[in-house]
Every structure is written in C-alpha cells, then in structure tokens.
Amino acid sequence: MILIKHRLLFATLALLSLSFPATADDSSSASPSAPPHWRADLDPLPGDASVGAAAQCEGPSEHWTSQYGALLAERDKLDATYGAIRTDRKVLDEKRRELDGEKRAFAAEKSRLAEGEAALMRMKSDIEKLQIERRKNPDAAQRLGYAAENFNRKVTEHNEALHDHATRQGQLRERLARFNASAEALNESGARFGKDASAFAAEWQAYSSALYATLERCAKPERH
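According to the working numbering, the sequence shown is numbered sequentially starting from 5.
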C-alpha cells in the first residue's frame with residue numbers, strides 16, 4: 005500500500021488593477037470617487053455665433069471657423085475613444101467578478117483536498133497500527149485487509165481529484181493571464197487617452213482664450 009502524495013500547488017493568481025478613466029455616473033465603478041467625465045474641466049464652448057463674430061472681426065477670416073471645426077472633430081473623436089474605453093472597462097469588471105468567484109471556489113476546493121489528504125494520513129497511521137497488532141493478534145488480519153482496501157480506494161479517488169484540481173488550476177491561470185493582458189492593454193489605452201485629452205484641453209484653452217481676446221478687442225470702439 006503506497007500513498008501517492010501530490011503537493012497541492014496553488015500559485016498566486018493575481019488580477020491586474022484597472023487604472024483607465026471612469027465616469028462619475030458609471031455604475032460599474034468600484035470606487036464612489038471615480039473621476040468625472042473627461043470634458044468636465046473644459047471651458048464652455050464659445051458657440052457658433054461667437055466664432056462667426058470673431059471671423060467677421062478679422063476681415064472676414066476662415067481661421068476661426070476652420071480651427072473651431074477641427075477642434076470639434078477632435079473632441080468627438082476623443083468622446084468615441086472614451087466611450088469605447090468605458091465599454092471595455094465594464095466588460096473587464098464583469099470578467100474580474102467572475103474570476104474572483106472562480107478563485108474563491110478554487111481556494112475552497114484546495115482546502116477540501118488538504119483535509120482529504122490529512123484524513124488519508126490518519127488512515128495510513130491506523131493501518132500501520134493494525135500491521136503491528138496483527139503480529140500479536142492474527143484476528144486483526146481481516147480488519148487490516150478491509151482497512152487497506154478502503155485506504156487504496158480513497159487514495160485513488162484523492163489522486164483523481166488532485167489531477168482534476170491541477171487541470172482546473174491550469175485553465176484558471178490561462179484565463180487570468182488573458183484577463184491581465186486585456187487589463188494591461190486597456191490601461192495603456194487609458195494612459196494614451198489621458199495624454200491626448202490633456203493635449204486637447206490645452207489646445208482648446210488656447211483657442212478659447214485667443215477667440216475671446218479677439219472678440220473683446222473688436223468690441224472696443226476704434227480711436228481716431
């Protein structure tokens with residue numbers, strides 16, 4: 005009778021944190037202090053009338069209207085990117101919850117297998133005692149035979165369970181690796197978006213300031 009012991013391997017199954025943009029009204033956000041929409045800090049739009057007035061003031065000139073159109077197009081592009089990031093975030097948040105549940109179930113199974121192995125060790129100890137007793141009492145041979153048969157059956161079942169557990173661990177590790185790769189890619193997208201949004205905000209601020217300065221200058225009566 006040989007107890008085939010398999011070590012219960014339980015690798016660290018870590019999930020990457022997600023650091024990409026969130027919105028204040030995003031119900032999937034785990035934090036109540038999620039940052040506001042990326043456009044929250046932008047100055048209000050000047051409006052078509054203001055842009056048109058600035059264009060007429062300078063001559064007329066298409067400079068203000070063409071730049072205004074380009075900025076609106078860039079803003080819409082950033083909005084689309086931001087929306088895609090939010091959608092991907094919700095998908096990954098749901099996947100994270102699923103994987104967290106699987107990790108908890110896996111840990112519970114690991115604990116049960118450890119308890120099963122401890123029980124087998126106790127059975128093995130009892131069999132060793134029966135082997136000693138049989139030398140003094142031949143009547144113990146039958147009990148030893150039953151115990152050995154039951155022990156071997158339990159060992160077989162335990163080893164099969166360990167094999168299944170190891171298979172599930174490999175599958176879970178693969179899913180976690182795919183999740184982490186997706187989370188890393190999304191974090192990188194979020195970082196790029198943050199840089200693009202900051203650059204746009206600076207460009208928008210410069211345009212707004214220059215436009216209002218032009219309107220203010222044009223509103224002043226000319227001195228003769």
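Even glycine gets a Cβ: it sits at the ideal position worked out from N, Cα and C.
This structure is a prediction, so every number in the text was calculated from the model and none was measured.
Cα-Cα, which of the options is closest to residue i?
i, options, result
"Ala195", "Leu148, Ile89 and Thr160", "Ile89"
"Arg221", "His41, Ala57 and Asp52", "Ala57"
"Trp42", "Ser202, Glu106, Gly73 and Ala165", "Ser202"
"Arg172", "His67, Leu103 and Trp68", "Leu103"
"Glu207", "Ala185, Leu76 and Ser186", "Leu76"
"Val55", "Asp45, Leu46 and Gly73", "Gly73"
"Leu215", "Ala44, Leu46, Cys61 and Asp45", "Cys61"
Whose C-beta lies closer than 8 Å to the C-beta of residue i among residues of the same chain, with five residues either side of it excluded?
i, result
"Asp130", "Ala151"
"Asn154", "Met127"
"Asp29", "In this predicted model, Asp29 has a pLDDT of only 37, less than 50, meaning its place in the structure is not dependable; the value taken from the coordinates is given anyway. Once the five neighbours on either side are set aside, Asp29 has no close Cβ partner at all."
Please go through the same chain and pick out, in chain order, the residues whose beta-carbon is closer than 7 Å to the beta-carbon of residue i, but skip the five residues on each side of it.
i, result
"Glu113", "His169"
"Asp92", "Leu190"
"Glu78", "Phe204"
"Ser186", "Leu96"
Hey, quick one: how far does the alpha helix (DSSP H) through residue i stretch, first residue to last?
i, result
"Ala195", "Ala144 to Ala223"
"Gly56", "Asp52 to Cys61"
"Asp3", "Only positions 5 to 228 of the chain appear in the structure, and residue 3 is not among them; the question remains open."
Using the Cα positions of residue i and residue j, report the straight-line distance between them to the nearest angstrom.
i, j, result
"Leu166", "Leu117", "7 Å"
"Arg182", "Arg100", "11 Å"
"Ala210", "Glu98", "40 Å"
"Ala189", "Arg177", "18 Å"
"Ser213", "Leu219", "10 Å"
"Gly198", "Gln71", "22 Å"
"Leu96", "Ala223", "53 Å"
"Gly87", "Gly105", "28 Å"
"Lys94", "Ala84", "16 Å"
"Ala44", "Gly51", "17 Å"
"Ala109", "Ser115", "10 Å"
"Ile136", "Glu119", "26 Å"
"Glu164", "Asn141", "35 Å"
"Ser32", "Leu180", "Residue placement at Ser32 cannot be trusted, given a pLDDT of 37 that sits under 50; the coordinates are not used to answer."
Apart from the five residues on each side of it in sequence, which residues of its chain come closer than 6 Å, Cβ to Cβ, to residue i?
i, result
"Leu148", "Leu134 and Arg138"
"Glu66", "none"
"Asp80", "none"
"Ala145", "Arg138"
"Gly174", "none"
Would you check if the distance between the CB atom of residue i and the CB atom of residue j is smaller than 9 Å?
i, j, result
"Thr69", "Ala59", "yes"
"Glu132", "His162", "no"
"Leu82", "Asp200", "yes"
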